[in-house]
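Enquirer: Chains as they are written, first to last, in UniProt numbering: chain B, 1 to 285; chain G, 1 to 285; chain V, 1 to 285; chain S, 1 to 285; chain R, 1 to 285; chain W, 1 to 285.
#1: Any idea if residue 182 of chain B is buried or exposed, counting beta-carbon neighbours within 10 angstroms, 16 or more meaning buried?
#2: I need the boundaries of the alpha helix (DSSP H) containing residue 43 of chain V, first residue and last residue.
#3: Between residue 35 of chain G and chain V, is there a C-beta pair that is closer than 9 Å?
#4: Helix, strand or coil for residue 16 of chain R per DSSP?
#5: Helix, strand or coil for residue 114 of chain S? Go by DSSP, reduced to three states.
#6: Please confirm if the region 242-259 of chain G is in contact with the region 10-18 of chain V, defined as three or more CB-CB distances below 8 Å between the two stretches.
#7: For residue 255 of chain R and chain B, any beta-carbon pair shorter than 9 Å?
#8: Would you report the Cα separation of residue 33 of chain R and residue 137 of chain R, rounded to the nearest angstrom?
#9: Could you tell me whether the region 178-196 of chain V touches the region 73-86 of chain S, where touching means 3 or more Cβ pairs closer than 8 Å?
#10: List the residues of chain S that residue 31 of chain R touches, going by C-beta distances under 8 Å, in chain order.
#11: State the DSSP-derived secondary structure class of residue 64 of chain G, mapped to helix, strand or coil.
#12: Less than 8 Å between C-beta atoms, sequence neighbours within five positions excluded: which residues of the same chain meet that for residue 233 of chain S?
#13: What number of angstroms, rounded off, separates the C-alpha of residue 242 of chain W from the C-alpha of residue 163 of chain W?
#14: Which same chain residues end up closer than 6 Å to residue 279 of chain W when comparing Cβ atoms and leaving out the 5 residues on each side of it in sequence?
#15: For residue 119 of chain G, which of G/102, G/149 and G/106 has the nearest alpha-carbon?
#16: Here's a check: name, in chain order, each residue in its chain whose Cβ is nearer than 6 Å to the Cβ of residue 62 of chain B, leaving out the five neighbours to either side.
#17: Can you check the region 62-142 of chain B for any alpha helix (DSSP H) of at least 4 residues that lies completely inside it and give the ranges in chain order?
#18: Round the Cβ separation of residue 8 of chain R and residue 5 of chain G to the nearest angstrom and send it over; I've been treating them as touching at under 8 Å.
#19: What residues in its chain sit with their C-beta under 8 Å from that of residue 187 of chain V, if we drop five residues either side in the sequence?
#20: Find out if the Cβ-Cβ distance for the pair residue 229 of chain S, residue 107 of chain S is shorter than 9 Å.
#21: Given that residue 147 of chain B touches chain G, what residues does it touch there, using C-beta distances under 7 Å?
#22: Can you give, in chain order, each stretch of the beta strand (DSSP E) that sits fully within the region 180-248 of chain G and has at least 3 residues?
#23: List the residues of chain V whose Cβ lies closer than 9 Å to the Cβ of residue 203 of chain W, in chain order.
#24: As a quick exercise: from B/161, B/75 and B/128, pick the residue whose alpha carbon is nearest that of residue 292 of chain G.
#25: Name the DSSP bridge partner or partners of residue 155 of chain V?
#26: Which chain R residues sit within Cβ distance under 8 Å of residue 264 of chain B?
#27: Please identify, using Cβ separations under 7 Å, the residues of the region 213-238 of chain S that lie next to chain V, in order along the chain.
#28: Where do the ends of the beta strand (DSSP E) carrying residue 264 of chain B lie?
#29: Tell me which residues of the region 87-105 of chain W have at least one Cβ-Cβ distance to chain B shorter than 9 Å, keeping chain order.
#30: Name, please, each residue of chain W whose Cβ falls closer than 7 Å to the Cβ of residue 47 of chain S.
#31: Name the residues in the region 154-187 of chain V whose C-beta lies less than 9 Å from a C-beta of chain S; which are they?
#32: Between residue 269 of chain V and residue 231 of chain G, what straight-line distance do the alpha-carbon atoms span, to the nearest angstrom?
#33: Within this structure, are the beta carbons of residue 131 of chain G and residue 70 of chain G separated by less than 9 Å?
#34: Please compile the residues from chain G whose C-beta is within a distance smaller than 7 Å of the C-beta of residue 276 of chain R.
#35: Residues in the same chain with beta-carbon distance under 6 Å from residue 117 of chain G, minus the five sequence neighbours each way, listed in chain order, please.
#36: Going by C-alpha to C-alpha distance, which of R/126, R/20, R/37 and R/184 sits closest to residue 202 of chain R?
In structure tokens:
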């Protein structure tokens, strides 16, 4: 008797009941303003994750000792953002209701809004740690309010002032930077300076971590829709995600904006895989 | 005194007033179900058109003798299909009102609906000649009605039975084929057999011509979102578009579904350029 | 309660017990003489198959009406051909023992030998229909006898003269052609002429069908290790595989030599997917 | 004692003295009007030729029975066309003086002029058979007379009316077609119709054969600087080159316009290799 | 009444009369010694610039507050370097005569010579700041004096000793380094050390800034003809170009050697766009 | 009289007798566990090396002053690892017997074992300096002992404890790290810290240097089979290889794991070429 073909992220073979973390993918990129294709990130990450090892010498831990369930990619209505967000929200809610951590793999950054809606309902005092090259704080983009360029603004509408902590930001409209600085978010431009203090200050509070991989320099992560030169290097990001995942009270997270059609060499996918592994290991502590 | 940088399709340098044909691009692909990227078709086609000659030895005619205006690509609200269709419809209406022929360059196939809405208002007895690999006749795609997989169904809702003539179709759901056969459209599967008769039968009636370039075999046209093996070859298509554009009373047309990110060698763009040239020359007769 | 991420070829969602056909992949390319990478064919084919429809207008049949089980890719010992062949043989034997049809997705052509070993044991009077650009009849390749360049010679050692029917062959050493002609195999050079007669003559006999996709012209199927210009077109192959799968007593088959790293546009994968769909539908009759 | 690393086209390992045919490459593309890169054709062709066999089942002949010397690529002064042509001319002259056949591998089409200068000096009654998508008959290109778009016009200046036989031509300016038709060249548009008669009529006269590979359809040969849809298929070209090389009194030839940077899949290089093999075998008869 | 399709670099929509800076492109690469293709840089940069924002958080300035005119790419005689340089020189002269700053986008590095000829005529005491991986100081390259490998030597012939300040240089012939050191140029190898002092020392003097983007490490900027490992990182370059453009009396500049055919991921184009934006903003101060 | 086409690494044109260093390539990748293709490294490196200069400003030395012979690539039996290793071993032995230094260009890392077998026979007290991202210390990989994932373990079986010095290691199984730490090898994780001391401590002892280029960060070196983020940068590696090659008693070395099919931009090949140049220059001191 043969088995069906189950495809999971490297080492994530727990049963749902025993899992502490649940992976799910949101193959959506309909509002991407420049180069689309992030919808293909989930399968690319699952497939190439097997080029990694389950063991991390950085953390001296092994995925085989963690309990992670990979529920695969959602089936999403390409072309209708509201419907898509509802499906993501529902999945995140299911996972949160079972007291597990929803770990969302995008897709474009708009998908974060679905998870935030669910997480904010369960944790009204939710904070967000946001790593990104872009502010994502527009009121609308050519009249479209549900856009990856507006996602953090939409999150702010749910959470309010002082709850969103942005790092690595190096691109946006002048208005967005000014709006942020006028007390709406805590925006740390260019790099991750101040992250340690933020992590320290959030101890005990529920935190959602959203990682737009374009916070990395395009030399490290070319395969993304809107590459923005001047970003951080890989080890800086790895140290940061371990610090966040290990030291805050994490209630949900996502990793987004890998765009496989622009990753001919596969190194961006390798970066995404390794960052996810380190996050999973750090969460598991 | 230097000039601004005007970028047009090869040889399309008429002033608007004197033009008979007006090109406009719709860089939209938000509902693409498989591989997105057709939004980049307009600039790719304009840029590579200069690798062609203005003269066609097939028709012994030259673009420099035609009167064509290229108004560039529309600015579209990526992520909101209804808004996008409204902008396309408005542009097509403007052109039609000035008694010129709107020639739309997609983008995904959904953009056709904008032009058809405008054309059907002016010509209530409009017929459509539709070349495509796919039926595009779904009622909805995962609940989304404004999808490139449903565009001809949406057109049928405007025009009704007996007005849509489909050729080259080789992919679709069983239901779509049966719906077509039950009198809703005139569906010619696999190749262009019957096109000549259709053209003959439509003499004197206003015709809109929509060309999904994936009607071509993927060997000829690899750079498209949903390549479907078993299509027609280049010369068959060229002869067909000349026949249509020359022999019917054409009131509008579009060429869509070139997806430059999947056209590494550039040959699909070259095919799109040459087909557009031949169409422009044949319209000009 | 969420489900694990099961990834199958389009529409192949039967339970094993009820299945008539069982897909399995052999991600192996260690003996590839020119450009390796066929090991990635299985996941590529499963992933891109969803760009197709389950329904075929050519055969007016639907995969949802067939009973096919996809057991995924085998785990193979890259670098040790004998071990790899043993694993393939064992899988084929399991499927044959359960009176199902093993449908193998390569990998390089050497994987066929594993299936043939199993099939020939169950059906000692086995015949092979072999479509390929290459003879694959070498005694050895640089001293290596288990090579994709020798696989049909190895099959002949099991089956003997008159059992192997080769079509489309247009490349090989002079010795190979002469060895074939001297009564060892029935070699039809260049195209598929004579296939119909061969199918007719094999009625009632157990037949294994091995399809090296490089029998296609490289314009149709660029993504393969050793592209050989001058091959057949897509529709010729589609008609042939339907004829074979429908009209002989098929006991096993394989489709091999898709090499995704050389398929930048994805059209070769699309061709592989559609041919497999048509084969599955024809077998199901 | 180890040997130096000699790299030749497949099976071309004769000593110079015993050779009947001498290959040499001209890695030049400085006047390419659209997409440069043909300078890399020589090494690409030599490298990938080893994916072929030395034996041709079409001609039942083997390169190991021919006597061909490969002298590698010339060192050329990129950026100075006149200097480059002088070096090519000198090499062709050396080979012709030794009563061998110069077989030039381009590079862009302008390189042909170097060989023609040498051949016309030795054979004042020289004829040219020219297969190409483009006329190449301009007087100048943006003021540049030594351009790949003018090469056949330059040859005509040497040879005069009635000596140049063009086939497959499907692109050019109106003026070029008219200039050709007014008695300057014998231009056969679109395909190879009439080639057989031309070959017959040239019996006994010295013929130079220049093959611009873009005469092929871009589906067959995408990797070229100026792909022009509507070309001939591979087998038509193969039959033609065998007919020419076997049946005329060939005194020199070239194969040009393979542009490896636009040949991601490698199939264009495979086509170039196989055509060269068939030419070499046919010349050897 | 519709508008023609004007394509400019992001935010550069001033009228010519009001402009302080004038962009123009020189699509030329005929003397490129290794991998050609820089001719496509202009359109690539204009197209992808729209993936950036007009606002720079580094300088807290916005392109919408500057006055920049983009005159598009020149039409150049591919294959004739002297003619090409004359056209560039004429354009630069026109702009200088109108007391505007000519900002040239290459193309290969040879194009700089055209601008320098014009600038040196207006400013006989001109200095050059030159960032590059290569010395570009050869007397000739295979006998060709107008080559991208000789461009700074040609500039020296105009300006003489002590006027050229080279930074980041890490490749060249031994003779070139020695020639530089013997008082001809001020050569700073490997990185930008000393740039600040040079900028300081040139206060009040007219300066032309020529930026060969291959001064960057190939990890940051892979898409160039001759990638040379060991270069500087993005932020180091950004800080340097701001310092130069803000603090010297800049009379002209160029950015060259982006080669789009080798920039599959698009990140090199993104780097070029952002550096140009920062230069334009710094000039505008 | 023309010469045959000799293709060597830049500046390596010594006669065998006078050479101190002998290059040879091993185009083998049959045991590569993830993405194959390193077999193409030799020709890619030789071809692109001509984009470099023979002179290094870092070492102020020139390849034209060294005596290096390039014997090209071995002909290897793809698919049979034991046979392949025997051929490599024999070649290394020949070179060592002639008191020259064998410089091996892989291929995958397993090829090192052939050279080590030969070197260890001549130098029983041999030490290995090993730069790599991966431990390569597995006992077997899916039952295969001759695998690139096991190559350093196989070397240890020859040399024993304390002889292998590993640097840059950041990936492996937990067991491998523990096995190393328990006295079998001297493993320096993550970077090259400690290399200087190791070089110092090995003075006077015969050392073999094996460089797996994936020790570099994938931003610097994307074109490899198993990219592992978090590696060292180019200049760190260049300084290290110069230090090793200049300061130890080097008896053999190799550079491996460049995988050209994943190096679309060519920058990985450029890195390999420059590192090899710097090694050759440092050895030559």
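Using N, Cα and C, we set each Cβ at its ideal position, and we do this for glycine too.
Given the structure is predicted, the values throughout are model-derived calculations rather than measurements.
Expert: Quick look at the numbers:
#1: Along the first chain, one-based indexing puts residue 182 of chain B at 182. Looking at its Cβ environment, which holds fewer than 16 other Cβ atoms inside 10 Å, residue 182 of chain B is exposed.
#2: Sequence index remark: in the third chain, residue 43 of chain V carries index 43 (1-based). Segment 41-48, the alpha helix (DSSP H) holding residue 43 of chain V.
#3: To locate residue 35 of chain G, count along the second chain from 1; it is residue 35. Cβ-Cβ to chain V under 9 Å: yes for residue 35 of chain G.
#4: Counting from 1 along the fifth chain, the entry for residue 16 of chain R is found at position 16. The answer is coil: DSSP assigns residue 16 of chain R none of H, G, I, E or B.
#5: Indexing the fourth chain from 1 puts residue 114 of chain S at position 114. Reduced to three states, the DSSP call for residue 114 of chain S is helix.
#6: These segments do not touch.
#7: Here residue 255 of chain R refers to the residue found at position 255 when the fifth chain is read from its first residue. Judged by the 9 Å Cβ criterion, residue 255 of chain R is not in contact with chain B.
#8: Position 33 of the fifth chain holds residue 33 of chain R. Position 137 of the fifth chain holds residue 137 of chain R. Rounded to the nearest angstrom, the two C-alpha atoms are 14 Å apart.
#9: The region 178-196 of chain V vs the region 73-86 of chain S: no contact.
#10: Residue mapping note: residue 31 of chain R aligns to position 31 of the fifth chain, counting from 1. For residue 31 of chain R, the chain S residues whose C-beta falls within less than 8 Å of its own C-beta are 30, 78 and 79, listed in chain order.
#11: What you label residue 64 of chain G is simply residue 64 of the second chain in a count that begins at 1. Correct three-state label for residue 64 of chain G: helix.
#12: By one-based count along the fourth chain, residue 233 of chain S stands at place 233. Only 216, 217 and 220 meet the Cβ criterion.
#13: Position 242 of the sixth chain holds residue 242 of chain W. Position 163 of the sixth chain holds residue 163 of chain W. Those two C-alpha atoms are separated by around 21 Å.
#14: Here residue 279 of chain W is taken as the residue at index 279 of the sixth chain, counted from 1. For residue 279 of chain W, where only same-chain residues beyond five positions count, the Cβ hits under 6 Å are 241 and 245.
#15: For the purposes of this step, residue 119 of chain G is taken as residue 119 along the second chain, with counting starting at 1. Of the listed residues, the one whose Cα sits closest to residue 119 of chain G is G/102.
#16: For the purposes of this step, residue 62 of chain B is identified with residue 62 of the first chain, where counting begins at 1. Once the five neighbours on either side are set aside, the close Cβ partners of residue 62 of chain B are 54 and 55.
#17: The region 62-142 of chain B is shown to contain whole alpha helix (DSSP H) runs of 4 or more residues at 81-97 and 112-122, in chain order.
#18: The residue you call residue 8 of chain R lines up with position 8 of the fifth chain. The residue you call residue 5 of chain G lines up with position 5 of the second chain. Under the criterion of beta carbons closer than 8 Å, residue 8 of chain R and residue 5 of chain G qualify as touching, at roughly 6 Å.
#19: Mapped onto the third chain, residue 187 of chain V falls at position 187. The residues 135, 166, 169, 177, 180 and 181, in chain order, have a CB closer than 8 Å to that of residue 187 of chain V in the same chain once the five nearest residues on each side in sequence are set aside.
#20: On the fourth chain, residue 229 of chain S is found 229 positions in, with the first residue counted as 1. On the fourth chain, residue 107 of chain S is found 107 positions in, with the first residue counted as 1. Not a contact, by the Cβ cut-off of 9 Å.
#21: Stepping through the first chain from its first residue, residue 147 of chain B is reached at position 147. Against residue 147 of chain B, the close residues of chain G are 79, in the order they occur along the chain (beta-carbon pairs closer than 7 Å).
#22: The qualifying runs are 186-189 and 206-212.
#23: Here residue 203 of chain W refers to the residue found at position 203 of the sixth chain. Here the premise fails: no neighbours, minimum Cβ distance about 38 Å.
#24: Since the first residue shown for chain G is 1 and the last is 285, residue 292 of chain G is missing from the structure and cannot be characterised.
#25: What you label residue 155 of chain V is simply residue 155 of the third chain in a count that begins at 1. Beta-bridge pairing links residue 155 of chain V to no other residue.
#26: Indexing the first chain from 1 puts residue 264 of chain B at position 264. Identification of chain R residues near residue 264 of chain B by a Cβ-Cβ cut-off of 8 Å yields 264 and 265, ordered along the chain.
#27: Answer in chain order: 219, 220, 234, 235 and 238.
#28: Walking along the first chain from the start, residue 264 of chain B turns up at place 264. No beta strand (DSSP E) holds residue 264 of chain B; DSSP gives it neither H nor E.
#29: Going along the region 87-105 of chain W in chain order, one finds no residue with a Cβ nearer than 9 Å to chain B.
#30: In the fourth chain, counting from the first residue as 1, residue 47 of chain S sits at position 47. Within 7 Å Cβ-Cβ: 43.
#31: Listed by position along the chain: 169, 170, 171, 172, 173, 174, 175, 176 and 177.
#32: As a first step, residue 269 of chain V is located in the third chain; it is residue number 269 there, counting from the start. As a first step, residue 231 of chain G is located in the second chain; it is residue number 231 there, counting from the start. Cα to Cα, residue 269 of chain V sits roughly 16 Å from residue 231 of chain G.
#33: Taking the second chain and counting its residues from 1, the one referred to as residue 131 of chain G is at position 131. Taking the second chain and counting its residues from 1, the one referred to as residue 70 of chain G is at position 70. Their beta carbons are not under 9 Å apart, which means residue 131 of chain G does not touch residue 70 of chain G by this criterion.
#34: The residue you call residue 276 of chain R lines up with position 276 of the fifth chain. Those do not exist, as residue 276 of chain R stays about 15 Å from chain G at its closest Cβ, beyond 7 Å.
#35: Looking up residue 117 of chain G in the second chain gives position 117. Non-local beta-carbon contacts of residue 117 of chain G in its own chain, meaning distances under 6 Å to residues more than five positions away in sequence, involve 89 in chain order.
#36: In the fifth chain, residue 202 of chain R corresponds to position 202, counting from 1. In terms of Cα proximity to residue 202 of chain R, the closest of R/126, R/20, R/37 and R/184 is R/126.
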